[in-house]
Amino acid sequence: MKVPVGILISGRGSNMLSLIEAAKAPDYPAEIVLVLSNRETAPGLHLAAQHGIPTIAVASKAFGADREAHERAVQGELVRAGVQVVCLAGYMRLLTPYFVGQWAGRMLNIHPSLLPKYPGLETHQRVLEAGDKIHGCTVHVVTDGMDEGPIVGQAEVAVLPGDTEESLAKRVLAAEHLLFPRALKDFLKRDKNTT
Ligand code: GRF
């Protein structure tokens, strides 16, 4: 049986789409049962709907500074949809210990750097400034520290002479699209073998 997976997004949703596409394969271990955004205008919501995936927006704006109240509303939707594993795909919210605790060991995030290098934002710019020759992306289990949890998978991307933030971001994103479906699959398989 496929594991019901929920994807949280805030914007474009290109990583979300790569997961939706992968999950169409009959032998892929996950089924995407819900795409949820904290922004009503996230383009990824339309994209998911076009693929027949149930979508919902739980606008964080409506909750002001009360992050946990927003997360409780999100949690309600995830539970209602029967989600068992959550994938963060460009979900631009800092999570509280409440939400991380609800999904301990069952929530993955994709990050555009080779963690533990460059947690946080502006990763491509920081890689270029540091003169690194190798960059990449990481899928990791979400824990309380930002971009810190156990690594599930990584993909390397060479930094080329003349690279700009844009050119590098484009190649890293292409690597992300391959990595996330592969990492989710590995994660679910491992999980199955240990339970
Ligand atoms: C990706 O670069 C991802 O690594 C980061 O946010 C971006 C989301 O892009 N967490 P998209 O919405 O999946 O296109």
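Going by our numbering, the residue at position 131 of the sequence shown is 244; the numbering climbs one at a time, nothing skipped. Backbone N, C-alpha and C fix where the C-beta goes; we use that ideal spot for every residue, glycine too.
What are the boundary residues of the alpha helix (DSSP H) that includes residue i?
i             : result
proline 117   : Unbroken run through proline 117 is the beta strand (DSSP E), 116 to 122; no alpha helix (DSSP H).
threonine 168 : It is not in any alpha helix (DSSP H) - threonine 168 instead sits in the beta strand (DSSP E) that spans 168 to 170.
leucine 106   : Lying outside 114 to 308, the shown extent of the chain, residue 106 is not represented and no answer is given.
valine 240    : 236 to 243
leucine 158   : 156 to 163
leucine 191   : 180 to 193
tyrosine 211  : 210 to 215
In the DSSP output, what is residue i paired with across the bridge?
i              : result
histidine 253  : Asn222, Ile264
isoleucine 145 : Val118
histidine 248  : Val270
serine 150     : Ile122, Ala170
So, under 8 Å CB-CB, residue i and residue j are touching, yes? Tell me the CB distance rounded to an integer number of Å.
i              : j             : result
valine 252     : valine 265    : 5 Å
glycine 119    : leucine 160   : That belief does not hold up - the Cβ atoms of glycine 119 and leucine 160 are roughly 16 Å apart, past 8 Å.
leucine 297    : leucine 132   : 7 Å
isoleucine 169 : glutamate 190 : 5 Å
Out of the options, point me to the one whose CA is closest to residue i's CA.
i             : options                        : result
aspartate 257 : Leu191, Val270, Gly124, Pro210 : Pro210
leucine 228   : Ser150, Glu289, Met129, Cys250 : Cys250
glycine 157   : Tyr204, Gly275, Glu181         : Tyr204
arginine 152  : Val285, Gly126, Leu301         : Gly126
leucine 221   : Lys283, Pro263, Pro139         : Pro263
valine 146    : Ile166, Ala135, Ala155, Leu207 : Ile166
proline 117   : Val196, Ala287, Thr236, Gly218 : Val196
For the beta strand (DSSP E) containing residue i, list its first residue and its last residue.
i           : result
leucine 201 : 198 to 201
- Does the region 161 to 180 come close enough to the region 224 to 241 to have 3 or more Cβ pairs within less than 8 Å? As far as the Cβ criterion goes, the region 161 to 180 does not touch the region 224 to 241, which means the pair count is below three.
- Any 3 or more C-beta pairs closer than 8 Å across the region 194 to 202 and the region 290 to 305: They touch, by the three-pair rule.
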